[in-house]
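Line by line, the protein sequences give chains A and B. The first sequence maps to residues 113 to 226 in our numbering. The second sequence maps to residues 51 to 159 in our numbering. Backbone N, C-alpha and C define an ideal beta-carbon position, used for all residues, glycine too.
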Amino acid sequence: EAGVAQSPRYKIIEKRQSVAFWCNPISGHATLYWYQQILGQGPKLLIQFQNNGVVDDSQLPKDRFSAERLKGVDSTLKIQPAKLEDSAVYLCASRGGGSTDTQYFGPGTRLTVL
Amino acid sequence: TQLLEQSPQFLSIQEGENLTVYCNSSSVFSSLQWYRQEPGEGPVLLVTVVTGGEVKKLKRLTFQFGDARKDSSLHITAAQPGDTGLYLCAGVVDYKLSFGAGTTVTVRA
Chain A
113 EAGVAQSPRY
123 KIIEKRQSVA
133 FWCNPISGHA
143 TLYWYQQILG
153 QGPKLLIQFQ
163 NNGVVDDSQL
173 PKDRFSAERL
183 KGVDSTLKIQ
193 PAKLEDSAVY
203 LCASRGGGST
213 DTQYFGPGTR
223 LTVL
Chain B
51 TQLLEQSPQF
61 LSIQEGENLT
71 VYCNSSSVFS
81 SLQWYRQEPG
91 EGPVLLVTVV
101 TGGEVKKLKR
111 LTFQFGDARK
121 DSSLHITAAQ
131 PGDTGLYLCA
141 GVVDYKLSFG
151 AGTTVTVRA
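Rendered as structure tokens:
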């Protein structure tokens, strides 16, 4: 079974530029999460999708961050405009249905904002 | 702000030694998970503990969940270089994870 795929793996941009990250979850997984992991910290949940609907985006900085999962499969996370403090690894995770609480993480996208 | 406090932040030991990592919170969780993360990769689930006082063993790894379901520990016996990595605990509420800051473990050969 293929795991969670993310691209790109690395991205370097200058502040005030925009950037987008892509995630393809495990086939059949209805729930998708985006996390931000700043160096020296654990992952922090940004947004949770159930199929193509948003379940929780309370920690998403909505003035600059946006995310969508239009067809309930792939998802895109965008930052516009980027700030220096957005430098982090952005992790995508997916979870199957039912009572399982196991999330499967992708390898992440490392973003550096200069 | 991390709801879960992990200690120590860094741990460096010799191969064959034992180590313990702690995870503490003032909040009660429905369950608690331990992950290991290697450089350039996402976290990988090691174990989920659900019941207060529960002890789970996974080969040389022993996980304990506190009676009040607020704290947990991970003990590694006879550590090997392959155990090197970032160990993260995460509290689970409504299928959402709240992670600690992690403990970086280095096992020297």
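Item	Value
Against chain B, with Cβ distances strictly below 7 Å, would A:P155 count as a contact?	yes
What residue range is occupied by the uninterrupted beta strand (DSSP E) comprising A:Y145?	T143 to Q149
Where in the region 53-132 of chain B do unbroken runs of the beta strand (DSSP E), each at least 3 residues long, occur, reported from the N-terminal end onward?	54-57, 60-64, 69-75, 81-87, 94-99, 105-108, 111-115 and 121-126
Using only the alpha-carbon positions, how far apart do B:S76 and B:G116 sit?	12 Å
Which residues in the same chain as A:I124 place their Cβ atom closer than 7 Å to its Cβ, once the five residues preceding and following it in sequence are excluded?	T224 and L226
Below 8 Å, can you find three or more Cβ-Cβ pairs linking the region 203-218 of chain A to the region 131-147 of chain A?	yes
So with CB distances below 8 Å, who are the chain A contacts of B:P93?	P155, L203 and F217
Please classify B:S57: is it buried, with 16 or more other beta-carbons within 10 angstroms of its beta-carbon, or exposed?	exposed
Would you list the residues sitting across from A:S178 in a DSSP beta bridge?	A:K190
Name the chain B residues whose beta carbon is nearer than 9 Å to that of A:Q160?	Y145 and K146
What does A:L172 pair with, by DSSP beta-bridge criteria?	According to DSSP, which records beta bridges pairwise, A:L172 is partnered with nothing at all.
Between B:L96 and chain A, is the shortest Cβ-Cβ distance under 7 Å, so that the two count as touching?	no
With distances taken between CB atoms, is the gap from B:T127 to B:R110 smaller than 7 Å?	yes
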